[in-house]
Structure formats: structure tokens, C-alpha cells
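Below: one structure, written as C-alpha cells.
In the working numbering, the protein residues as written are 157 to 467.
Encoded structure:
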């Protein structure tokens, strides 16, 4: 095992990974391919199987992961899950981490929880970094995620060999600032997605060929990452989750709570959150965020259902 002063490399650094879902499985796979010894934990064993097949060790709890690791990454669903897998006194990662170890939480979560984890880690002679990511399933697969890091800059710089395998790390400031940056990112995406699907509905109603319309705007001022990622998926009715509606509703809810704390009025955020909540109400929480088109279709009693075959 590495000591806190040693550089990070596959020959001396043991890595733990908690959460092997849509994002986590691809991200962890990059570390295994780079030669790191990796120990994984996931509540649903089948989701960890691809990593075990690649050579990862399976642990029975987050605590067991941490006891075998110098750096422990987590990317789980909700703040309550983060609290459970990192801080639980009997099964959490922090109780199993040796002094000098590092927790890296890549879940989008509460900035206040990031501060709580950091304080608990410091009390144990360890470090923690809040490092949520943006880029969806494609960014995870391609190792091109945007990583928003908050915490001790020297610790984050030391972790760069690991972060570089996952994407581009952006240092945002002290503890919690990574989470604040990711929440601002989600606010930006939320209104961009509303604009994208409203434009599609409008183009459809105006009698345009929607595929041609999307191709036309993609290189102009209305072009966006959201359009690149989701435009063709929407036309194909491909609502498989690169990022779940349920998780986006959670993120936007955290944003609204933080807005209340700050005394901020962000009406675009509130509108997007309500539209995404309507998807949940229709039982569509496990679809991807591009399913927002369904909410606008219902509002306007139109369907793009047949576009994929007619265009």
C-alpha cells in the first residue's frame, strides 16, 4: 500500500470503488485497464460482474473496500446513499480507511454533506474530496468526463493520475465547492434541455423535418452538448438512461434547496424541475433525461412517435 507522501501509480496504489452503475462501471473500468489493483462494492452484484471479470476484487461492504485501499471512489444515487456507504459506523468506508487514505465522492450530493464527510475524514487523519462529474454515460465510457473537484488542492493534484483516466479535473475551491459547481452545471443543463425539446416540438408543429432541423441548428448558435448527446436519441425514441430522470430530479431538488438558503430566485430551474417531476409522476423516473420530450408532447397533445420511421 502507498503512503500519503508517495506518488500515485498502479504499482503502489490500491484503489477502491463503491457504486458500479451506469457511470461507475465504465469509470472504474478505466482504472483497471490502467493496471490499478481495484476492489469494488455494489449492492446489486450483477452490476459489478463486468469489473470482476476484468480482474477487480469483490468486497462485501464499503468498509471492506476501504480496508484494502489507499483511495476510495464512490458514485452512488442519493445523498442518503453517500452517507451510508461512507460514514456508517459499522459498514461505511471511512471506518475502514487507514490514516492518510483518501475518499473521493463523485456522486452529485449536498455541499453540506461534503463538509461533514471532510470533517469526519480529518478527525481520522484522512482526506476527502468532493468530485462530482458531468458528461453522462458517453463521457464515462470515453474517459472524457468533466470533474468538479472541491477540497485540499494538494490532495487533488496528487490524485491527478487517477482523475486523468476518467476525464478532465477542474479545481473549484475548498470542500463543497465541487458540489456547488456541479449543481450550477445541472441548472445550466436543465434549462438547455427545456429549450432543446421545446424547439423540437415547435419544429414538428411547424411542419419541418425535425431531423433536418436539428442538423441545421447543430452548427449554429443553438448548437449544444445536449443537442449532440440527445437530439438523435429523442428522434429514435431512445430513452435509455445515460442519466436517470430520478437522479436529475434529485439534483434539481438540491439546487432549489440551496437557492432557498441563498435567497436566489431561479425560475428556469424551478420550471425544469416541475417538468421533470411530471415524468416521475407518469412512472418515467428510470428513463434518461432526454425523456423530457414526453412531458412536452403531453402538454401539447402531440407525438413525435412516428418521426424515426418517416424522416
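Virtual Cβ for every residue (Gly too), placed ideally from N, Cα, C.
Residue i classed as buried or exposed, judged by whether at least 16 other C-beta atoms fall within 10 angstroms
i	result
residue 455	exposed
residue 396	exposed
residue 445	buried
residue 467	Unreliable positioning characterises residue 467 in this predicted model, as indicated by a pLDDT of 46, which lies under 50. A coordinate reading is not provided.
residue 261	buried
residue 216	exposed
residue 180	buried
Collapsed DSSP secondary structure at residue i in the structure displayed
i	result
residue 286	strand
residue 214	strand
residue 232	coil
residue 350	helix
residue 336	helix
residue 326	strand
residue 366	helix
residue 302	strand
residue 123	The structure shown does not extend to residue 123, since the chain spans only 157 to 467, so no value can be given for it.
residue 164	coil
residue 376	coil
residue 458	coil
residue 467	Note that residue 467 scores a pLDDT of 46, beneath 50, so its modelled location is shaky and nothing firm can be said.
residue 419	coil
residue 172	strand
Distance between beta carbons of residue j and residue i, contact taken as under 8 Å
i	j	result
residue 264	residue 338	5 Å
residue 424	residue 293	25 Å between Cβ atoms; not a contact.
residue 427	residue 350	7 Å
Backbone CA spacing between residue i and residue j [nearest angstrom]
i	j	result
residue 404	residue 323	21 Å
residue 440	residue 163	45 Å
residue 188	residue 196	11 Å
residue 417	residue 411	10 Å
residue 222	residue 443	32 Å
residue 256	residue 306	18 Å
residue 321	residue 329	21 Å
residue 203	residue 333	30 Å
residue 319	residue 363	46 Å
residue 284	residue 335	13 Å
residue 240	residue 248	6 Å
Residue i Cβ short of 8 Å to the ligand MN heavy atom set
i	result
residue 210	This structure simply doesn't include the ligand MN, nor any ligand for that matter.
Would you mind listing the alpha helix (DSSP H) stretches within the stretch 254-280 that are 4+ residues and don't spill past its ends, in chain order?
Complete alpha helix (DSSP H) runs here, min 4: 267-279.
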